[in-house]
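Last residue of the sequence shown: 446 (the UniProt record's numbering), numbering continuous. Each residue gets a CB set at the ideal place from its N, CA and C atoms; glycine is no exception.
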Amino acid sequence: MQGQLISLLDCTLPLPRFPNNASPLNFATFQQPHHSSKLSFNVDLNHFLQKSILLSKRLRGVNCVMSSYSGYVRIVAKCGPSDGESDVRDCDNGFYIRKCVELARKAVGFTSPNPMVGCVIVKDGKIVGQGFHPKAGQPHAEVFALREAGDMAENATAYVSLEPCNHFGRTPPCTEALIKAKVKKVVVGMVDPNPLVESKGLARLRNVGIEVVVGEEEELCKSLNEAFVHRMLTGKPLLTLRYSLSVNGNFSDLLGDRVTECGGYYSRLLQEYDSVILPSSLFRGKVSIPASQEPGANQPLRIIIHKDASSSNKIPLVVNEATDKVIVFTDNETATTPELAKKGIETVILDQINLDVILDYCNRQGMCSVLLDLRGNSSEYEELVKEGIQKKNISKFVTEILPIWNRGSETDPLIPVKSLDQGIQVEKLKSKGSDQNVIIEGHFKF
Ligand SMILES: [Zn+2]
């Protein structure tokens, strides 16, 4: 957690300045600000020991209850008179749901078309089982957590970041597994956004007398599965625009230093998104296909757009090992080369390249998220940006501000956005530093 001011009901206290690497792992899932009069957060045990003296000084006048769980220390701070352990119990739901989210994120990039879900089983204040959904087709989080808990699940509380399923899919319903394990209570982060199953899992649990609490850390859980929720509600994958700007506000084709390396925001975006749209011109200089450098990352499908009326403009032979996750969309039948086929790269020839076709393709592949990456020759994707804005298909943007001052270009792919009569409102803005660059993420509010 980075040092910041956190407002409590009747006082404001500065938190100790934890290092940047203690911030949430992924930018796209920054935790929502807490507005409660109570605050709980986790820190690494060693780090906690170093900081505890400082913390106790800064929290003078505020009642703290500290407890530890498997290498983590939990501190609950509350203004006013202390009522001891009851404070801890009050904050338990949020604490364990945040733990579920942390577990769920271990499968980032692997679960589509399913959501990321985490589950912990808690008995007598101890976690006795935990699990997450690792991949579509594999068991759900609850199954792993209940398996680990064994008999300890009886009369325990199950925490799940998303409503347990109540239907037979590729796996049996988790509601039945929870009932069979005789859990006493189920705390759920958010209801399933699928209109067909919404709240049916909760109803099933309540019908057999299990206490159900819903909506704990709801915003965090929604943010975790933002792309899944979007696809459930709209029937289309979440489309995000990514581009770079100079500090003087001009479009740039560049990426910042080190952002493509492990831990860099670009590497993490590629890990998180199911597919990324790139122009073929990007590969003219034998640039490798962008790949996430996060350990064990599931690489996104690289959708290469080749848009050119001249028959002499062949699709460049992309150079990379990972050609199994590359597809080329072209409007030029004569642009394909035997080398592409030899490398096993699928080529789709369209009369006209448009977003509808690409999004429909991704949707049919069960993808929840698509990144439209504005790099290379803008003439290849300018129309896509225009279409995305006009049809309100672009939901989000990720802007990288580079530490450069550059000249404006006549081929600015953002012109369709800039020339709108009445701009577009944006919301949910977040920002962070990544090496020398500043990254801004937000949502369009059409
Ligand atoms: Zn399930």
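Problem - Alpha-carbon to alpha-carbon, Lys418 and Asp412 - result: The alpha-carbon separation between Asp412 and Lys418 amounts to approximately 10 Å.
Exercise for the section: Consult DSSP for Tyr69 and reduce its assignment to one of helix, strand or coil. Expected result: Any reading at Tyr69 must be qualified, since the residue scores a pLDDT of 45, below 50, and its modelled position is unreliable; the value itself is stated next. Strand, per DSSP.
Exercise for the section: For Arg206, I'd like the list of residues in its chain whose CB is within less than 8 Å of its CB, leaving aside the five on either flank, ordered along the chain. Expected result: Val212
Problem - Per-residue DSSP class, three states only, for Glu380 - result: helix
Practice task
Compute the Euclidean distance between the alpha carbons of Ala297 and Lys222, then round it to the nearest angstrom.
Solution key: 22 Å
Problem - Those residues, in chain order, that have a beta-carbon closer than 5 Å to some heavy atom of ligand 1 - result: Cβ-based neighbours of ligand 1 within the cut-off: His140, Cys165 and Cys174.
Problem - Cross-strand partners of Glu400 (DSSP beta bridge) - result: Ser244 and Ile439
Problem - Limits of the unbroken beta strand (DSSP E) element including Ile127 - result: Lys126 to Phe132
Practice task
Please say whether Arg147 and Leu282 have beta carbons closer to each other than 8 Å?
Solution key: no
Exercise for the section: State the CB to CB distance for the pair Gly303 and Ile327, rounded to an integer number of angstroms; the pair is presumed to be in contact (CB under 8 Å). Expected result: Here residue 303 is Ile; the residue named in the question, Gly, does not match the sequence. About 6 Å separates the two Cβ atoms, so the contact holds.
Problem - Nearest candidate by alpha-carbon position, reference Ser378, set Val276, Val398 and Lys307 - result: For the residues Val276, Val398 and Lys307, the minimum Cα distance to Ser378 belongs to Lys307.
Problem - Residue range of the beta strand (DSSP E) that includes Phe168 - result: Segment: none, Phe168 is in no beta strand (DSSP E) and carries neither H nor E.
Practice task
Would you mind sorting Cys262 into buried or exposed? The rule is 16 or more other CB atoms within 10 Å of its CB.
Solution key: Under this definition Cys262 is an exposed residue.
Problem - Proximal residues to Ser369 (C-beta, below 6 Å), its chain only, five neighbours per side dropped - result: Ala227, Pro237, Leu238, Tyr273 and Asp274
Practice task
Please name the residue in Ile315, Met152 and Ala141 whose C-alpha comes closest to that of Val128.
Solution key: Comparing Cα positions, the closest option is Met152.
Exercise for the section: Can you tell me which of the three DSSP states Val229 falls into? Expected result: helix
Problem - Thr234 burial status per 10 Å Cβ neighbour count (16 or more: buried) - result: Exposed, since its Cβ has fewer than 16 Cβ neighbours within 10 Å.
Handout entry: Uninterrupted alpha helix (DSSP H) stretches inside the stretch 170–210 (no shorter than 4 residues)
Key = 174–180 and 200–207
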